[in-house]
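Mapping of the sequence shown onto the UniProt record's numbering: residues 1 to 765, in sequence order. Below you'll find the structure, written out as structure tokens, and then a few comments.
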Amino acid sequence: MPHNKGINKGKKGRSNKSRHNKQPVDNNGQKPSLLKGMQKKLPTFHNKTKDTPNDSTADSIGGGYYTMYKEATWKFHKWMSEKACLSFKLVSVNDYRRAMQQVLDHNMSIFLKNGEKDSEEHIVAPPDIMASLASSIRLREKVTANRFGSKDGGDLGHRYIIDVLKFCHNALRFGNRVATIISTKDSEETVVEDEIGGRFHILSVDDDDSEKDTDWEKIDRDIEERNLPKYTGVELEEEIDIKEVLLKGDDRFQANALLYTMDDYMGAIHNHFTLLKYYLRGNHELHETSSCMQLLLECTVAANAAIQSVNQAENEMMIDHPHLSSFYHVLALVKMPDVLAGIIKLIEKPRTNSKYREPIVKKSGMDSQYTEKLARGVSFRVAFEVMLQWEEPINKDLIVELGAEGVKPHTWLGDCEFIGGDCCILNTQRIVQTIMGLLEDGKKLVGKRGHWGPQFNESIPVSRIRGDLDDPFASCIIPEIIETSRYRPFECLPERPHLIPIFDMLRKFVGGDRKSPVPVALSFGLHAILMSIFVVQGDGDLARVADHSKQSYNTLYNQLEDLSDFTKLPGNAPTFYHNVSLFGIFRQFATPLKSQADLSQAVDPVISERLAFWNPLIGGEYMLYATYICSINLGSATVDSMGQLRLVLHLYNALKLRFPTFEVPLLEKTDTVFSKTRAVWVGGKPTQGSCCKVFWMSWGMSASGAARQVSDYARDSSAFGYCSKNLQDDFRALDEIRPDEFCASYRHLVQQDFSSEDLENHYTN
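Written out as structure tokens, the structure reads:
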């Protein structure tokens, strides 16, 4: 966050927030670039046709509340223009009012004719359209309340849009009720279903909350008395364009929607980690069959989904409104409307398409003295708003003076519970931006303990994120994960945007222009780290989660290391050892890079590693990646490396068919996991009499070849070996074991495929 250097005047040397040392080395004394084993991107073994997310993915992940609003509003508008009001050209918001009046008149005219057979059909809004319209209204109102403190205040045009949409909702509900009365009069419900084709299922009680308090008796009386709904909202003389303002939304609406999305999604992250905290405190009622690691993975999945949604919302906003290219532009638009309005009035001919980044005085033609004065004022307001805790003693008199006038730091997002106030994300943004400005190529930042604020001690839990967690964040977490993102080959890791999005975004930013504004989504992700620490801390739970995560992580890679020893019996295929060794390298991504600088004043390395690599969110991302890529993904390529899985499961199935009471618990679980794996069960699990044929088909033999093989063997068992040697032409390429076929959550989290019917299966299934 840009800040006024004059505010910090007199504190010499404070700008040197961290010390540099030479290029870091890993724990083995080698330069991190010497991770020779990872020469190219790790392979994935899932179905490649699912690499590209389908349409349902975008619907499920979404871009926050703005995307939800836009999709809901567009669905309603499309129905209006293509189904309900074909004779209307819907251009302005006023056209909705006129179109709705036509719908009401149309349905009432049929009602007055008592639904005669030769009369026209009613205009009926389907349930999904009513739900979309209600969602559009609800989201518009939420953004208004978030922006103005009340859904009734602020922009008159914004209020007008809401009132018109509410009128549309009331009118359609009234029209649907009219259709209900006509269709059920003098007929049984079953007859209506036959004649209408089931269209009137919308007349049942709707699940939408907006219908719960509906006074249907009053509506019925209004219908009998011919009292049609009337528009009673605010009036506006100017025309509001539907596509540009209603469907797309103006820049301020979209900026506010982004802030609302961030606050609500950060709240979701807070709530998920709160459930983990409850579990750690012994409250297992809600998660009787869960474990600490299982809940940690679920918390991480929720946090990653929130980070991805904010990232998509930010990208969509920049596409729709290129001038909102950073968090700072969003805040200027939302929190400094008076300054912007003043500038706009003074600029006669804004040259927004200038090729060069000319000073504002050249762009606008404003007086240079006025521009300088304006810039100082803006800089001061921003610097005061994002003042860090260690800066407060320096500016004590200023804080007291402005405080008497009701002006305090960190108030811009004061009505946001999870990204404002004591959880202010602008504080996080300011720290990250400052540290990025100090970063140099080939040098590692080493934080000085206690420099940014009080040192963190879990035995004395902190009461807020802003200020209380500044020192561990700036001295431990940020320096370590920056170095990891710079010197570990994350570009070789597949599916990183879904499983380790914080490292993915950090790597991209650090590798680019580090002095440019920190992206909103990156600040959100880093703030989520602090939120996870803040929620879980206390009673040793933070240390406990860190220890469990690290232990689980190391256990997996110890197993891979043990399996990679080709001298141990029983042996395996060469590709098995290659893959196990290759994926085992990911272990080094979670180890800190050693520093060659004087660490006498630095944070204890053990504490630093625990906070940076094994805090609940980053530790969860490491565990998530290890679980899905280095365990499930790799496991699909190794579990049947020599056909052992097919052989065992087919033999076990045959034994169970022969002896129904026969059961081996381990094999029973294995059989359940791979019950839908096509490579094992070609054409489905065999029944008695077809076991041998399906077995050979699972090994790549054609159906006809497998049938001949079984037939020949039935006639002469000695022909088995001879026949198999002469059936090579009947073999096809062996089917591979695909992780997406035996792990539902792999499809959802790794492939981002949300179309499966088993979407609600547990994440760790």
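Built from N, CA and C at the ideal position, the CB exists for glycine as well.
Practice prompt. Compare the C-alpha of Leu331 against each of Thr73, Gly538, Thr638 and Leu259 and name the closest.
Written response: By one-based count along the sequence shown, residue 331 stands at place 331. Of the candidates Thr73, Gly538, Thr638 and Leu259, Leu259 places its Cα closest to the Cα of Leu331.
Item to complete: Enumerate in chain order the residues of its own chain whose CB-to-CB distance from Asp740 is below 7 Å, with the five nearest sequence positions on each side excluded.
Response: As a working mapping, residue 740 is identified with position 740 in the sequence shown. Only His46, Asn47, Lys50, Tyr746, Arg747 and Gln751 meet the Cβ criterion.
Discussion item. What would DSSP say about Gln752, mapped onto helix, strand or coil?
Written reply: For the purposes of this step, residue 752 is taken as the residue at position 752 of the sequence shown. DSSP places Gln752 outside both helix and strand once states are collapsed to three, so it counts as coil.
Item to complete: Tell me whether the beta-carbon of Thr670 lies closer than 8 Å to the beta-carbon of Leu530.
Response: The sequence position of residue 670 within the sequence shown is 670, counting from 1. The sequence position of residue 530 within the sequence shown is 530, counting from 1. Going by C-beta atoms, Thr670 is not nearer than 8 Å to Leu530.
Fill in: Nearest neighbour of Cys292, chosen from Asn304, Leu276 and Ile307 [CA to CA]
Residue mapping note: residue 292 aligns to position 292 of the sequence shown, counting from 1. Nearest neighbour of Cys292 by Cα position, chosen from Asn304, Leu276 and Ile307, turns out to be Leu276.
Worksheet item: What first and last residue would you give for the alpha helix (DSSP H) that runs through Gly584?
Response: In the sequence shown, residue 584 corresponds to position 584, counting from 1. Run containing Gly584: Pro574 to Gly584, per the alpha helix (DSSP H) assignment.
Item to complete: Identify the continuous beta strand (DSSP E) that holds Val446 and give its terminal residues.
Response: Counted from its first residue, the sequence shown places residue 446 at position 446. Where Val446 is concerned, the enclosing beta strand (DSSP E) stretches over Lys444 to Gly447.
Item to complete: Counting only the same chain and skipping the five closest in sequence on each side, list residues whose C-beta sits under 6 Å from that of Gly420.
Response: Numbered from its first residue, the sequence shown carries residue 420 at position 420. Excluding residues within five positions, the ones whose Cβ falls inside 6 Å are Leu413 and Gly414.
Practice prompt. Helix, strand or coil for Ala602, going by three-state DSSP, please let me know.
Written response: Counting from one through the sequence shown, the residue named residue 602 turns up at place 602. In the structure shown, Ala602 sits in a strand (DSSP, three-state: E or B).
Practice prompt. Count the other C-beta atoms from every protein chain shown that fall within 10 angstroms of the C-beta of Trp216, then say buried if there are 16 or more, exposed otherwise.
Written response: Your numbering for residue 216 matches position 216 in the sequence shown. Residue environment: Trp216 is assigned as exposed (fewer than 16 neighbouring CB atoms within 10 Å of its CB, all protein chains considered).
Worksheet entry | Spatially closest choice to Cys691 from Glu141, Thr180, Leu647 and Asn176, by CA coordinates | Sequence index remark: in the sequence shown, residue 691 carries index 691 (1-based). Of all alpha-carbon atoms in Glu141, Thr180, Leu647 and Asn176, the one lying nearest the alpha-carbon of Cys691 is that of Leu647.
Discussion item. Could you check if Lys508 belongs to the surroundings of the ligand ZN, using beta carbon to heavy atom distance under 7 Å?
Written reply: For the structure depicted, the ligand ZN is absent and the ligand set is empty, with no information on it obtainable.
Fill in: Three-way DSSP call (helix, strand, coil) for Asp55 in this model
To locate residue 55, count along the sequence shown from 1; it is residue 55. Low local confidence applies: a pLDDT of 36 at Asp55 is under 50, so the model's placement there is unreliable, with the coordinate-based value given in what follows. If DSSP states are grouped into helix, strand and coil, Asp55 belongs with the helices.
Discussion item. Beta-carbon within less than 6 Å of Pro472's beta-carbon, same chain only, minus the 5 sequence neighbours each way: which residues are those?
Written reply: Within the sequence shown, residue 472 is the residue found at index 472, counting from 1. Correct list, in chain order: Phe456 and Leu611.
Item to complete: Could you name the residues that DSSP lists as bridge partners for Ser92?
Response: Stepping through the sequence shown from its first residue, residue 92 is reached at position 92. Within the DSSP secondary-structure output, Ser92 pairs in a beta bridge with Asp241.
Worksheet entry | Rounded distance between the beta-carbons of Asn579 and Thr44, thought under 8 Å | Here the question's residue 44 lines up with position 44 in the sequence shown. Here the question's residue 579 lines up with position 579 in the sequence shown. Rounded, the Cβ-Cβ distance is 12 Å, inconsistent with contact.
Worksheet item: What residue ranges within the segment 631 to 719 form continuous alpha helix (DSSP H) runs of no fewer than 4 residues, ordered along the chain?
Response: Correct list: 634 to 638, 644 to 658, 665 to 673, 691 to 698 and 703 to 715.
Worksheet entry | Nearest to Arg221 (by Cα), restricted to the options Ser608, Gly447, Glu235 and Arg177 | As a working note, residue 221 is residue 221 in the sequence shown. Here the closest residue by C-alpha is Arg177.
Fill in: At least three beta-carbon pairs within less than 8 Å, the segment 260 to 268 to the segment 120 to 130
In short, these stretches do not touch, since the Cβ pair count stays below three.
Discussion item. Are the CB atoms of Pro592 and Glu440 within a distance shorter than 8 Å?
Written reply: Your numbering for residue 440 matches position 440 in the sequence shown. Your numbering for residue 592 matches position 592 in the sequence shown. Taking a C-beta distance under 8 Å as the contact criterion, Glu440 and Pro592 do not qualify as a contact pair.
Discussion item. Is it buried or exposed, Leu466, if we count other Cβ atoms within 10 angstroms and call 16 or more buried?
Written reply: In the sequence shown, counting from the first residue as 1, residue 466 sits at position 466. This sequence places Arg at residue 466; Leu is not what is there. By the Cβ-count criterion, Arg466 is buried, with 16 or more other Cβ atoms from all chains shown falling within 10 Å of its own Cβ.
Practice prompt. State yes or no: is the C-beta of Ser698 within less than 8 Å of the C-beta of Ala679?
Written response: Numbered from its first residue, the sequence shown carries residue 698 at position 698. Numbered from its first residue, the sequence shown carries residue 679 at position 679. Yes, the pair counts as a contact, with Cβ atoms nearer than the cut-off.
Worksheet item: CA-CA distance, Gln588 and Val535?
Response: Here residue 588 refers to the residue found at position 588 of the sequence shown. Here residue 535 refers to the residue found at position 535 of the sequence shown. Cα to Cα, the separation comes out at about 28 Å.
Worksheet item: Taking contact to mean at least 3 C-beta pairs separated by less than 8 Å, is the segment 557 to 564 in contact with the segment 295 to 305?
Response: Result no; under three Cβ-Cβ pairs closer than 8 Å.
Worksheet item: So is Arg738 buried or exposed if we call it buried at 16+ other beta carbons inside 10 Å?
Response: Along the sequence shown, one-based indexing puts residue 738 at 738. Flag for Arg738 reads buried.
Worksheet entry | Residues of its chain near Leu228, where Cβ-Cβ distance is below 6 Å and the 5 sequence neighbours each way are ignored | Residue 228 sits at position 228 when you count from the first residue of the sequence shown. Closer than 6 Å at Cβ, skipping near neighbours: Leu104.
Worksheet item: How long is the line joining the alpha carbons of Glu736 and Gly643, rounded to whole angstroms?
Response: What you label residue 736 is simply residue 736 of the sequence shown in a count that begins at 1. What you label residue 643 is simply residue 643 of the sequence shown in a count that begins at 1. Those two C-alpha atoms are separated by around 10 Å.
Worksheet entry | Whole-angstrom distance between Glu609 and Gly450, CA atom to CA atom | Mapped onto the sequence shown, residue 450 falls at position 450. Mapped onto the sequence shown, residue 609 falls at position 609. Their Cα atoms are separated by approximately 17 Å.
Worksheet item: Considering only residues of the same chain and omitting the five flanking positions on each side of Lys70, which have a CB-CB separation below 8 Å?
Response: Indexing the sequence shown from 1 puts residue 70 at position 70. Counting only residues of its own chain and dropping the five nearest sequence neighbours on each side, Lys70 has a CB closer than 8 Å to the CB of Leu247, Lys248 and Gly249.
Worksheet item: On the three-pair Cβ rule with 8 Å, is the segment 81 to 88 touching the segment 278 to 285?
Response: Using a C-beta cut-off of 8 Å, the segment 81 to 88 makes no contact with the segment 278 to 285, since fewer than three inter-stretch Cβ pairs fall below that distance.
Worksheet item: DSSP three-state call for Gln389: helix, strand or coil?
Response: Residue 389 sits at position 389 when you count from the first residue of the sequence shown. Of the three classes helix, strand and coil, the one that applies to Gln389 here is helix, per DSSP.
Practice prompt. Compare the Cα-Cα distances from Ile629 to each of Leu749, Lys443, Asn554 and Leu133 and report the closest residue.
Written response: Start at 1 with the first residue of the sequence shown, and residue 629 comes out as number 629. Residue nearest to Ile629 within the set Leu749, Lys443, Asn554 and Leu133 is Leu749 (criterion: CA-CA distance).
Worksheet item: According to DSSP, is Ser475 helix, strand or coil?
Response: As a first step, residue 475 is located in the sequence shown; it is residue number 475 there, counting from the start. Helix at Ser475.
Discussion item. Only counting the same chain, and skipping five residues up and downstream in sequence, which positions put a Cβ closer than 8 Å to that of Thr677?
Written reply: Taking the sequence shown and counting its residues from 1, the one referred to as residue 677 is at position 677. So the qualifying residues of the chain are Ile737, Arg738, Glu741 and Phe742.
Item to complete: Please determine, among Glu458, Asp95, Glu224 and Ala654, the residue with the shortest C-alpha to C-alpha distance to Leu542.
Response: In the sequence shown, counting from the first residue as 1, residue 542 sits at position 542. Minimum Cα distance to Leu542 is reached at Glu458.
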